[in-house]
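Heads up: the sequence shown is residues 336 to 534, going by this note's numbering.
Backbone N, C-alpha and C fix where the C-beta goes; we use that ideal spot for every residue, glycine too.
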Amino acid sequence: MNGKPPDAHWRQRMPITFRKLEPKDGIGISEMSSLATGIVREHYDPIIGKAQNDYMLELFHSVDGIRRQLENGSHYFFVQAAGRNIGFLAFFPKGNRLYLSKLYLLKTERGKGYSRLMVDFVMSKAREASLNSVELNVNKNNDSIRIYERLGFKVIRSEKNDIGSGYFMDDYVYAMKTDKWRRSSSLPEIPIAPRIEIH
Ligand SMILES: CC(C)(COP(=O)(O)OP(=O)(O)OC[C@H]1O[C@@H](n2cnc3c(N)ncnc32)[C@H](O)[C@@H]1OP(=O)(O)O)[C@@H](O)C(=O)NCCC(=O)NCCS
């Protein structure tokens, strides 16, 4: 040990835990919807415009939208630091891949290195379920592309998806094999969330 901090984020970062959102937890679903709506509204209005974002918020982040996704096999987790929700993530199995549909942090919590811990958690869930890669879509104009690339994801194709009412999602699809994920030695062991079955 040479006395150096383990990584550049050590000053600001707190330990995080992952709290699973259960489909029957109505209060939790409302909490998730408020958290998601706040983050997504602020982040995507400038990228896709308010009208499309309002449409997508209703479809994916409203109470009904989240309930529907939970019923259809999505797994949602709050990301918590010191007992407070600082972000969330969601995923579901897609063939032999784990599809990471959401990875979000409050703006005030970005830049502290939490996303590496979040992706580490997602990779561990994929491996637990014997899924061999993690895949995600990211809007072509979303700066988070740089972060995914830094974390080791590689672009595999472009995709333009019709989401109804005349709106499209113009995305890159990124993927990483679970065996390509390299845990940095400074990452703490993953906080134990209840083991989940991914079907
Ligand atoms: C995506 C998100 C969760 C990432 O979290 P974050 O706190 O901003 O990113 P981190 O601080 O964890 O950075 C992760 C890595 O990317 C690097 N990084 C951060 N910004 C970068 C940039 N602009 N260019 C290159 N690398 C960058 C960091 O240095 C870090 O690398 P390191 O661990 O090797 O030092 C967060 O930015 C977010 O919620 N964004 C808004 C919502 C969004 O776009 N979500 C994705 C939807 S597809």
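Simplified DSSP assignment, three categories, for Ala-417: coil
What is the rounded straight-line gap between the Cα of Tyr-507 and the Cα of Glu-470? 11 Å
How would you call Glu-463, buried or exposed, if buried means at least 16 neighbouring beta carbons within 10 angstroms? exposed
Classify Lys-437: buried if its beta carbon has 16 or more other beta carbons within 10 angstroms, exposed otherwise. buried
Residues near Asp-380 by beta carbon distance below 7 Å, same chain, minus five either side: Asn-388
Helix, strand or coil for Lys-475, going by three-state DSSP, please let me know. coil
In terms of DSSP beta bridges, what is His-396 paired with? Paired residue(s): none; His-396 is not in a bridge.
From which residue to which residue does the beta strand (DSSP E) around Phe-456 run? Per DSSP, Phe-456 belongs to no beta strand (DSSP E); it is in the alpha helix (DSSP H), 449-463.
The beta strand (DSSP E) that contains Met-504, what's its start and end? 502-512
Going by C-alpha distance, which of Lys-515, Tyr-483 and Ser-500 is nearest Tyr-509? Tyr-483
Quick check on the DSSP output: the beta strand (DSSP E) that includes Thr-352 runs from which residue to which? 351-356
Spatial neighbours of Gly-338 in its chain, beta-carbon cut-off 6 Å, leaving aside the 5 residues before and after: Annotation note: pLDDT 45 at Gly-338 (below 50); position unreliable, coordinate value reported separately. Here the set comprises nothing.
With DSSP run on the structure shown, which of helix, strand or coil describes Asp-360? coil
Out of Leu-435, Arg-451 and Lys-475, which has the shortest C-alpha to C-alpha gap to Trp-516? Arg-451
Beta-carbon proximity list for Phe-427, same chain, < 7 Å, skipping 5 on both sides: Gly-408, Ser-409, His-410, Tyr-434 and Ser-436
Starting from Lys-385, trace the beta strand (DSSP E) in both directions and tell me its first and last residue. Note, Lys-385: premise wrong, no beta strand (DSSP E); alpha helix (DSSP H) at 385-391.
Pick out whichever of Thr-513, Gly-400 and Val-375 has its Cα sitting closest to the Cα of Lys-460. Thr-513
Run through DSSP, which three-state label would Leu-370 get? helix
Inter-residue Cα distance where the pair is Ser-479 and Val-473: 8 Å
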